[in-house]
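Each remark here refers to the structure printed beneath this line.
Protein chains: 4
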Amino acid sequence: MVTADQPIPINGPDLPTYDELPVEPGGARSGWGLFGPTDSAGLMNLVTPEVTRAASTLVRTGERFALDLPTAFVSPAFFDRGVPRHTLIQRRPGLGFDDVYDNYFPQAASQWDSLAHVAARPGEFYNGATREQIAAGERNTIEHWGSRGIATRGIVLDVSASVAERGGPGASTPVRVSDLEEARERAGVQYRPGDILLVHTGFLTWYAEQSQEVKTRLARRGNTTAAGLDRSEEMAAYIWNSHAVGVASDTVGLEVWGTDSEDGPYGSLHRIFIGLFGLAIGELWWLDDLVRACNDAGRYEVFLTSSPGNHPGATGSEPHALAIL
Amino acid sequence: MVTADQPIPINGPDLPTYDELPVEPGGARSGWGLFGPTDSAGLMNLVTPEVTRAASTLVRTGERFALDLPTAFVSPAFFDRGVPRHTLIQRRPGLGFDDVYDNYFPQAASQWDSLAHVAARPGEFYNGATREQIAAGERNTIEHWGSRGIATRGIVLDVSASVAERGGPGASTPVRVSDLEEARERAGVQYRPGDILLVHTGFLTWYAEQSQEVKTRLARRGNTTAAGLDRSEEMAAYIWNSHAVGVASDTVGLEVWGTDSEDGPYGSLHRIFIGLFGLAIGELWWLDDLVRACNDAGRYEVFLTSSPGNHPGATGSEPHALAIL
Amino acid sequence: MVTADQPIPINGPDLPTYDELPVEPGGARSGWGLFGPTDSAGLMNLVTPEVTRAASTLVRTGERFALDLPTAFVSPAFFDRGVPRHTLIQRRPGLGFDDVYDNYFPQAASQWDSLAHVAARPGEFYNGATREQIAAGERNTIEHWGSRGIATRGIVLDVSASVAERGGPGASTPVRVSDLEEARERAGVQYRPGDILLVHTGFLTWYAEQSQEVKTRLARRGNTTAAGLDRSEEMAAYIWNSHAVGVASDTVGLEVWGTDSEDGPYGSLHRIFIGLFGLAIGELWWLDDLVRACNDAGRYEVFLTSSPGNHPGATGSEPHALAIL
Amino acid sequence: MVTADQPIPINGPDLPTYDELPVEPGGARSGWGLFGPTDSAGLMNLVTPEVTRAASTLVRTGERFALDLPTAFVSPAFFDRGVPRHTLIQRRPGLGFDDVYDNYFPQAASQWDSLAHVAARPGEFYNGATREQIAAGERNTIEHWGSRGIATRGIVLDVSASVAERGGPGASTPVRVSDLEEARERAGVQYRPGDILLVHTGFLTWYAEQSQEVKTRLARRGNTTAAGLDRSEEMAAYIWNSHAVGVASDTVGLEVWGTDSEDGPYGSLHRIFIGLFGLAIGELWWLDDLVRACNDAGRYEVFLTSSPGNHPGATGSEPHALAIL
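Protein chains in written order, with the numbering used here: chain L, 287 to 611; chain X, 287 to 611; chain P, 287 to 611; chain C, 287 to 611.
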């Protein structure tokens with residue numbers, strides 16, 4: 287039944303570096319075509335069985351960390367999205383319950399952005415998919431990941447101390463390449479093709495402590511500020527060259543939010559990561575407990591599984607992510 | 287943040303056998319209290335870190351099989367539930383998409399039933415939870431599994447040949463203890479506490495080939511027939527004694543459906559498995575591709591991960607299950 | 287703001303009779319073009335200010351009868367539609383409430399069918415509107431009535447006694463032209479262009495007394511039986527020649543439901559009334575109290591007001607109808 | 287079927303004046319008990335058949351004005367409510383359409399506020415109804431009006447010129463008693479028990495001309511400003527003494543919005559009108575076309591019909607209002 291294209295064989299050393307990628311009309315560099323002209327899964331193709339197998343050997347204690355927030359942890363939702371309305375159904379009172387949800391926005395809580403979520407340029411989505419193809423459910427939507435599942439190595443990059451020093455996670459504090467690089471070195475790992483980077487800024491921990499009034503103000507489009515990856519060519523190159531298949535964080539939008547300008551080729555990392563690289567962006571993941579355990583264990587590599595919704599035509603999904611130490 | 291009770295230490299050999307369990311008012315036997323008087327997670331407590339660690343060593347090739355059906359694969363939904371309405375939102379036309387779902391019934395597709403789904407007796411749910419406690423989100427609902435995640439050994443039990451011979455998966459064909467036992471022997475495994483049993487009857491494969499008219503008729507409450515576990519004391523005892531934490535199948539309701547009577551202590555396996563044992567029931571899981579791969583590999587043990595929704599107060603969730611060979 | 291086309295002047299005596307209408311490809315006769323080639327309101331154009339004014343003079347006692355059923359009076363909904371989920375919102379607990387509805391099907395309760403609801407022939411809707419035009423909200427939908435409102439004479443035609451004698455309202459009992467004619471004579475009125483006919487069969491009164499089991503069985507597509515207008519050329523001609531702008535009844539589908547065949551030019555009165563005549567069909571209206579009052583008063587003419595939803599692009603709406611005696 | 291309490295006989299001259307009402311704990315005056323201790327319909331009881339009959343004689347030309355805005359005319363909705371999601375359903379492609387709505391907030395567009403919408407004091411609603419009674423659908427909700435319908439005299443009070451001179455309808459411009467009184471005198475009418483006052487400030491006409499950016503800013507809770515009735519004892523007394531059953535306007539909240547304080551007995555006219563008087567408040571009604579026609583005709587009395595939803599347990603409803611000249 288699963289009709290996803292077969293992943294093409296990937297030979298790690300042969301993946302192009304950022305500088306080897308062609309320049310696209312917007313001025314950044316493009317990874318289109320790497321997996322063939324009709325591919326809808328992007329870099330996730332790098333999670334081959336061998337990558338999964340190798341990652342599974344990282345399990346030491348078997349401790350599990352579920353990385354999805356509880357429903358409505360973030361409320362009100364950012365950017366005018368909504369929180370789900372859950373109705374409990376009693377078919378035969380006293381004998382059992384069913385559920386139904388309305389107003390359920392996958393983009394309002396922990397989430398993966400699929401390659402249909404943000405365009406590379408107006409009307410042009412990852413690998414040349416058009417707006418019409420996406421609306422018709424023909425390209426790039428979340429089932430291209432959901433029908434395969436994800437199981438790979440996760441690298442925990444804890445940059446929260448640096449963020450705290452330079453403005454805090456609730457401000458527009460940029461996470462710099464040097465912050466990521468320091469965290470990686472502390473973790474004592476080298477990146478390998480197929481990794482998922484888990485960037486911990488401390489944002490959700492901070493958010494959880496705010497008053498309802500602050501949360502409401504922060505959620506308004508135009509008011510939102512949050513720490514996140516610096517919008518720069520250096521950052522784009524660093525992420526591409528890591529050959530990670532996804533980057534997830536505990537912030538609103540992965541990239542720094544609330545700075546003045548979205549102009550220039552690197553003004554939107556969403557455009558570059560999703561639209562040009564075919565990279566999965568994870569947002570609002572709960573990393574707090576995991577980071578604490580990593581600190582205790584002195585290990586920052588995990589076996590990371592994620593089962594995005596097998597939801598044809600959808601733009602995104604909760605990650606249903608599990609980190610195993 | 288995760289406030290789930292700590293799992294109690296379980297020493298496999300010390301788990302009671304079915305015959306050692308007390309008889310409950312309905313005439314079957316009850317596993318209440320095994321994990322303390324306020325426990326809401328049931329047998330899933332047996333999935334300790336050590337169980338997860340051991341299961342991770344089963345990975346050989348790293349091949350992944352996502353076991354959740356695509357949305358609306360089953361349509362119309364069984365038992366008057368509905369299929370989701372998905373709306374694609376264009377915030378800034380051409381630049382990207384968001385999603386929103388309405389009419390989303392977790393019980394309409396691949397699913398886990400939580401311990402809030404079916405009662406042991408009217409008004410009494412697993413481990414003494416009341417209807418009011420469940421409605422208030424205080425006991426037994428799906429986040430007790432979703433906030434921990436599941437990663438354990440899956441045992442693939444393929445009973446489809448026997449079902450095909452004795453009426454087929456679309457009829458009320460009982461899967462007998464002897465069928466399960468034969469499948470287990472073919473698989474060459476012994477059950478261990480913490481396993482999840484994956485029972486393949488061929489139902490969904492058969493369903494996929496039916497006309498829309500047949501699907502519609504089959505979905506009507508009262509008309510539904512499907513192969514599934516035999517309603518008997520022998521079956522209840524067999525499942526308990528396996529010390530499995532969950533049993534999932536590719537059928538509508540795991541147990542045989544459409545037979546005349548639901549009377550007697552064993553007239554409803556839902557009542558026994560969910561209400562008395564605290565066992566997770568999985569329904570409408572897509573096992574077809576996995577079974578084929580197991581047959582090819584000659585192996586029926588998998589590393590099974592599942593991330594049910596971290597959805598406080600919900601009765602069930604898609605399993606977001608991944609089998610890794 | 288209201289951009290509805292101006293109604294064309296109608297001179298009652300000049301309206302064509304059914305025999306004067308052209309024969310359409312399906313074999314019945316067509317009223318297309320009567321109000322110009324781009325008209326989307328159909329016969330409702332006949333409700334001119336003068337018609338409204340004249341009808342207002344019918345008020346004698348000022349007694350009001352609201353003709354919309356309470357929400358979920360019909361449950362389960364017929365034909366796999368749903369009943370609304372109503373959520374009461376407490377913004378500031380104790381200070382007030384708001385509402386939100388999900389799963390709200392206007393076709394599940396008292397309703398007007400707009401001229402977008404049923405086609406004359408596949409892909410061809412009233413007055414030549416295409417499926418694409420309707421889906422784009424350009425033609426025939428309910429706001430063409432909702433933005434103008436309806437206020438005209440209602441003629442109460444009580445055929446319940448005849449229906450009761452010949453099978454009852456819950457069976458496929460045809461309401462014949464002779465039944466309508468007798469009711470009209472009893473009412474002592476002549477039809478005038480612009481009238482709305484209110485046909486009382488007793489169906490909803492009967493329905494209200496049925497068990498939940500019967501209601502559930504009756505609601506299933508394929509099982510539904512109900513009294514209603516006979517599917518015949520004679521009936522089509524009678525209704526057209528009355529120059530009524532709408533016909534509403536207390537039955538499921540106005541026309542008789544559950545008979546064997548929908549073949550032939552007159553096999554579907556929906557096709558003829560909506561698709562060819564541009565006539566408003568009203569279904570599941572509560573006429574019981576009104577009929578009783580008419581019987582008491584010995585008058586069967588009412589001032590009838592109706593404010594369909596001003597809902598651009600919608601196929602139908604609750605009638606929000608009021609009969610004033 | 288309609289089980290609403292019978293209206294009590296009202297003898298206009300005997301209605302108490304504002305000064306004759308008892309002072310309530312909040313410091314204003316209360317109309318509780320006027321129609322008995324269990325009444326849920328409030329002043330709407332004054333719309334007796336005789337009031338309806340008399341109002342029907344006001345029809346001169348029969349011109350109709352539908353006063354409900356089109357769906358989503360106001361977008362984004364004020365105060366974090368939402369606009370409906372409308373899905374067109376094609377059962378048999380090309381042959382017809384059905385509708386379903388989700389996220390439908392009756393309080394987001396033209397509306398009546400029922401007597402369940404705002405409390406007199408925390409936990410105490412009109413006529414002593416409790417929060418629990420309202421949540422249980424036992425008191426004060428919209429079906430108490432919807433099951434009877436409304437047909438009475440409407441008085442058009444055009445205060446837009448005065449509002450325009452003193453800040454405009456988009457600012458917190460108070461409509462004073464003197465403005466209403468001047469408009470009434472221009473209209474040449476005396477108030478009678480049972481009237482509905484239609485107060486035209488020009489707000490929606492102004493709103494329609496604003497940019498999407500202004501509309502978005504204005505809709506935010508905390509940002510909203512709009513002309514409306516002055517919050518004062520004089521205003522409360524004036525409205526009570528008019529013995530109107532409802533006051534509707536083309537503004538967001540009938541009363542002036544965006545002024546500093548909601549303190550004091552008269553800091554919220556919602557509290558007084560709904561919670562203490564049992565008066566219907568109408569908001570976001572489209573009066574523009576009607577006012578123009580009234581100006582042309584030199585008449586400001588109309589026959590006003592309204593059919594609120596017969597929606598048990600709901601807080602409000604679109605008015606489905608029709609003014610007939």
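Just so it is clear, CB atoms sit at the ideal spot from N, CA and C, and this is done for glycine as well. Just so we're clear, the structure is a prediction, and the values are computed from it rather than from any experiment.
Asked, Found
"Beta-carbon separation (whole angstroms), G544 of chain C vs S458 of chain C, contact threshold 8 Å", "4 Å"
"Integer Cβ distance of Y477 of chain C from A530 of chain C, believed to fall under 8 Å", "7 Å"
"Contact under 9 Å by Cβ, A505 of chain X with F365 of chain X", "yes"
"Within-9 Å CB hit, P293 of chain C to chain X", "A caution first: P293 of chain C carries a pLDDT of 43, below 50, which makes its placement in the model unreliable, though a value can still be read off. No, P293 of chain C does not count as interfacial toward chain X."
"Touch test, the stretch 345-358 of chain L against the stretch 350-367 of chain X, Cβ-Cβ under 8 Å, three pairs minimum", "no"
"Exposure label - S497 of chain L; buried when at least 16 CB within 10 Å", "exposed"
"Where I420 of chain P falls: helix, strand or coil (DSSP)", "helix"
"Whole-number beta carbon distance between D354 of chain L and A566 of chain L, since they are thought to touch under 8 Å", "That pair is no contact at about 15 Å."
"Euclidean distance between Cα positions of D300 of chain C and I525 of chain C", "17 Å"
"Residues of the stretch 348-362 of chain C with Cβ closer than 9 Å to any Cβ of chain P, in chain order", "G348, E349, R350, F351, A352, L353, D354, L355, P356, T357, A358 and F359"
"Residues that DSSP places opposite L608 of chain C in a beta bridge", "C:A352 and C:T591"
"Min CB distance A290 of chain L to chain C below 9 Å", "Residue placement at A290 of chain L cannot be trusted, given a pLDDT of 41 that sits under 50; what the coordinates show is reported in the next sentence. Closer than 9 Å: no."
"Cβ contact (3+ pairs, closer than 8 Å) linking the stretch 401-409 of chain P and the stretch 370-387 of chain P", "no"
"Environment of E310 of chain P [buried if 16+ CB atoms lie within 10 Å]", "buried"
"Cβ distance (whole Å) where L307 of chain P is taken to contact G564 of chain P below 8 Å", "So it is not a contact: roughly 12 Å between Cβ atoms."
"L636 of chain C: contacting residues in chain P (beta-carbon distance under 7 Å)", "Coverage of chain C is limited to positions 287 through 611, which leaves residue 636 of chain C absent and any answer about it impossible."
"Start-to-end residues for the beta strand (DSSP E) that takes in Y387 of chain P", "D384 to D388"
"Chain C contacts made by the stretch 506-531 of chain X, where a contact means CB separation under 9 Å", "none"
"Beta-bridge pairing of V538 of chain P - partner residues as DSSP gives them", "Its beta-bridge partners do not exist; DSSP assigns none."
"Helix, strand or coil at L320 of chain L [DSSP, three-state]", "coil"
"Simplified DSSP state of G550 of chain X, which is helix, strand or coil", "coil"
"Beta-carbon proximity check, T427 of chain C vs A600 of chain C, cutoff 9 Å", "yes"
"Cβ-based burial, R472 of chain C [other Cβ within 10 Å; buried from 16]", "exposed"
"Cut-off 6 Å between Cβ atoms - residues of its own chain near R371 of chain L, not counting five sequence neighbours on either side", "D388 and N389"
"Identified DSSP bridge partners for L504 of chain C", "Answer by DSSP bridge pairing: none, since L504 of chain C is not bridged."
"T487 of chain P to R578 of chain C span [Cα, whole Å]", "43 Å"
"Nearest-angstrom Cα separation, counted from W318 of chain C out to N297 of chain P", "Low per-residue confidence applies at N297 of chain P: pLDDT is 48, beneath 50, and the placement is therefore not dependable, though the value from the model is reported in the following sentence. Cα-Cα distance, rounded: 53 Å."
"For R470 of chain C, the first and last residue of its enclosing alpha helix (DSSP H)", "V463 to A473"
"Contact list for D388 of chain L against chain C, beta-carbon separation under 9 Å", "D388 and N389"
"9 Å Cβ cut-off: residues of chain C touching R371 of chain X", "R371, T373, V386 and D388"
"Chain-ordered residues of the stretch 416-427 of chain X with a beta carbon less than 8 Å from chain L", "R417, I420 and A421"
"Contact set for A415 of chain X: own chain, Cβ-Cβ below 6 Å, skip 5 residues either direction", "R425 and N426"
"G508 of chain L and T537 of chain L closer than 9 Å at C-beta", "no"
"9 Å Cβ cutoff met for M521 of chain C and R585 of chain C", "no"
"Identity of the residues DSSP links to E569 of chain C by a beta bridge", "C:Q397"
"Residue closest to H556 of chain X, alpha-carbon to alpha-carbon, out of X:A341, X:Q376 and X:G539", "X:G539"
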